[in-house]
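Peer 1: Below you will find the structure I want to go over with you.
Number of protein chains: 2
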Amino acid sequence: MLALHSYFRSSASYRVRIALNLKGLPYTYVPVHLLKDGGQQHTDEYQRVNPAKLVPTLVDDGHAIGQSLAIMEYLDETHPEPALLPRDPLGRARVRALAQSVACEIHPLNNLRVLQYLDNDLGVDEDAKAAWYQHWITLGFTAIEFKLANEPATGQFCHGNTPSLADCCLIPQVANSRRFNTPLDAFPTIKRIEQACLELDAFICAAPKFQPDSV
Amino acid sequence: MLALHSYFRSSASYRVRIALNLKGLPYTYVPVHLLKDGGQQHTDEYQRVNPAKLVPTLVDDGHAIGQSLAIMEYLDETHPEPALLPRDPLGRARVRALAQSVACEIHPLNNLRVLQYLDNDLGVDEDAKAAWYQHWITLGFTAIEFKLANEPATGQFCHGNTPSLADCCLIPQVANSRRFNTPLDAFPTIKRIEQACLELDAFICAAPKFQPDSV
Chain A
7 MLALHSYFRS SASYRVRIAL NLKGLPYTYV PVHLLKDGGQ QHTDEYQRVN PAKLVPTLVD
67 DGHAIGQSLA IMEYLDETHP EPALLPRDPL GRARVRALAQ SVACEIHPLN NLRVLQYLDN
127 DLGVDEDAKA AWYQHWITLG FTAIEFKLAN EPATGQFCHG NTPSLADCCL IPQVANSRRF
187 NTPLDAFPTI KRIEQACLEL DAFICAAPKF QPDSV
Chain B
7 MLALHSYFRS SASYRVRIAL NLKGLPYTYV PVHLLKDGGQ QHTDEYQRVN PAKLVPTLVD
67 DGHAIGQSLA IMEYLDETHP EPALLPRDPL GRARVRALAQ SVACEIHPLN NLRVLQYLDN
127 DLGVDEDAKA AWYQHWITLG FTAIEFKLAN EPATGQFCHG NTPSLADCCL IPQVANSRRF
187 NTPLDAFPTI KRIEQACLEL DAFICAAPKF QPDSV
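Residue numbers (our numbering), protein chains in the order written: chain A, 7 to 221; chain B, 7 to 221.
Right, here's the structure in full:
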């Protein structure tokens with residue numbers, strides 16, 4: 007049995023929820039509220055699950071796995087259909103690089119603990135914080151848009167006509183961008199792919215607002 | 007023929023150099039100086055190789071691949087021996103999660119363009135910048151040390167007794183930590199693994215000081 011320790015707003019959790027849904031895997035949702043009680047990720051109980059105090063954590067039959075990209079690769083290896091990576095090494099590299107363009111270049115700079123550090127330790131005001139947030143999204147999306155718009159491997163989705171790890175990472179990042187009012191006019195291909203994804207139940211049902219801890 | 011577009015000090019480039027060496031793959035070193043000429047990653051020529059303007063990029067027979075983790079997975083798929091990932095899905099997930107604990111949690115916050123933003127856009131002084139740098143390393147290494155020290159899968163290296171993707175990511179991050187005088191006393195397992203790695207030519211020869219652009 008699979009359990010996902012998740013926070014509804016965490017975009018790394020959101021990625022894994024999409025992947026689980028795409029594979030049609032049922033799982034127990036275990037909420038970890040990153041703001042309530044001073045952050046439930048800091049409890050002793052959660053640290054036993056994930057010493058990094060980060061969400062998400064997937065628990066498969068007692069084995070805890072952290073890091074959203076590692077979790078999605080694990081799901082793809084243990085439940086190969088439908089595949090979230092293409093079969094050819096170059097295609098796999100392209101999908102992973104796109105996923106990592108979100109997961110290593112944009113998201114780490116904009117997650118909750120970084121914004122808290124800017125606020126509490128560096129005394130950065132709200133406007134400068136918003137500018138920081140939008141800066142990393144715009145920089146990252148510019149590179150992703152260029153690839154998606156110019157490479158023939160792009161299809162209805164980031165890679166071909168079925169969703170992949172890249173889409174699992176992209177859509178939560180687009181959702182975050184909208185939440186923080188980042189202009190997306192310069193990214194028509196990203197917006198087109200978002201639309202295609204949001205026609206699928208797997209993406210729709212993974213959205214923050216439909217999670218049990220969103221209320 | 008393989009070519010690696012690399013900057014000697016880039017720890018993401020350093021990871022891939024280790025992986026190439028571990029696999030015994032010869033490659034052409036193409037230097038991209040991130041500071042000279044206003045940053046050679048911004049030239050039109052380099053943007054045609056990597057529109058994200060980031061190093062490293064691996065070019066395999068005309069095909070450009072970005073993102074160090076994607077590159078190392080590609081190398082592992084196209085040149086399987088020696089393997090940089092274990093065979094079992096849980097072991098693979100553990101190695102990937104450790105690698106991503108560096109590549110998604112520590113390094114993105116401390117790379118050159120982020121330090122430049124803190125400096126130029128937020129007016130953060132040198133002391134506060136050093137504190138920022140050390141904060142993310144200490145936080146990340148605390149989680150990694152806990153896993154490495156407590157999980158039986160840890161061996162001479164991060165996972166068992168052969169180097170993996172996790173070691174390829176860890177060693178460059180330790181090198182950066184030393185460069186910025188981050189105290190490492192609280193991380194004895196990380197230091198022990200570093201020592202084991204630095205007995206291997208693959209790690210030694212990948213170090214920044216031995217790259218052609220280090221002079």
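C-beta atoms are modelled at their ideal positions from N, C-alpha and C, and glycine is treated no differently.
Return yes when the Cβ of ALA181/A is within less than 8 angstroms of the Cβ of ILE24/A, no when it is not.
Peer 2: no
Peer 1: Express the C-alpha separation of PRO86/A and GLU205/A in angstroms, rounding to a whole number.
Peer 2: 23 angstroms
Peer 1: Within 8 angstroms of any Cβ in chain B, is that where the Cβ of ARG93/A sits?
Peer 2: no
Peer 1: Report the three-state DSSP secondary structure of ILE112/B (helix, strand or coil).
Peer 2: coil
Peer 1: Scan the region 53-71 of chain A for residues whose Cβ lies nearer than 9 angstroms to a Cβ of chain B and list them as they occur along the chain.
Peer 2: Listed in sequence order: GLN53, ASN56, PRO57, ALA58, LYS59, LEU60, LEU64, ASP66, HIS69 and ILE71.
Peer 1: Cα separation between ASN3/B and VAL130/A?
Peer 2: Residue 3/B is absent from the model: chain B starts at 7 and stops at 221.
Peer 1: Given that a residue counts as buried once 16 or more other Cβ atoms are within 10 Å of its Cβ, and exposed if not, what is ASP125/B?
Peer 2: exposed
Peer 1: So which residues of chain B does PRO114/A contact, with C-beta pairs closer than 7 angstroms?
Peer 2: CYS110, GLU111, PRO114 and LEU115
Peer 1: Check whether the region 192-201 of chain B touches the region 169-177 of chain B, taking contact to mean three or more Cβ pairs, one atom from each stretch, closer than 8 angstroms.
Peer 2: They touch, by the three-pair rule.
Peer 1: For the 8 angstroms Cβ check, are there 3 or more pairs between the region 153-166 of chain A and the region 92-108 of chain A?
Peer 2: yes
Peer 1: Starting from PRO194/B, trace the alpha helix (DSSP H) both ways and give me its first and last residue.
Peer 2: 194-203
Peer 1: Within 10 angstroms of the Cβ of CYS164/B, are there 16 or more other Cβ atoms? Answer buried if so, exposed if not.
Peer 2: buried
Peer 1: Can you give me the Cβ contacts of GLN53/B inside the same chain, cut-off strictly under 7 angstroms, excluding the 5 residues immediately before and after it?
Peer 2: Correct list, in chain order: LYS59.
Peer 1: For chain A, find out if any of its Cβ atoms is closer than 8 angstroms to the Cβ of ALA149/B; answer yes or no.
Peer 2: yes
Peer 1: In whole angstroms, give me the CA-to-CA distance for ARG15/B and THR49/A.
Peer 2: 38 angstroms
Peer 1: Taking 8 angstroms as the cut-off, does the region 69-77 of chain A touch the region 30-41 of chain B (at least 3 CB pairs, one atom from each stretch)?
Peer 2: no
Peer 1: Closer than 9 angstroms by beta-carbon distance: list the chain A residues that pair up with THR160/B, in chain order.
Peer 2: For a Cβ distance threshold of 9 angstroms, nothing in chain A lies close to THR160/B: the least Cβ distance comes to about 13 angstroms.
Peer 1: Go ahead and pull the three-state DSSP assignment for VAL38/B.
Peer 2: coil
Peer 1: Hey, PRO57/B and ALA149/A are a contact pair by Cβ (cut 8 angstroms); roughly how many whole angstroms apart?
Peer 2: 5 angstroms
Peer 1: Please list the residues of the region 76-89 of chain B that have a C-beta atom closer than 8 angstroms to any C-beta atom in chain A, keeping them in chain order.
Peer 2: ALA76, ILE77, GLU79, TYR80, GLU83 and THR84
Peer 1: On the DSSP bridge list, what partners appear for THR63/B?
Peer 2: HIS11/B and GLY72/B
Peer 1: Among TYR139/A, PRO194/A and LEU64/A, which residue has its Cα nearest to the Cα of VAL36/A?
Peer 2: LEU64/A
Peer 1: Residues in its own chain within less than 7 angstroms of THR168/A by CB, not counting five upstream and five downstream?
Peer 2: PRO88
Peer 1: Determine the burial state of CYS110/B: buried for a count of at least 16 other Cβ atoms within 10 Å of its Cβ, exposed for fewer.
Peer 2: So CYS110/B counts as buried.
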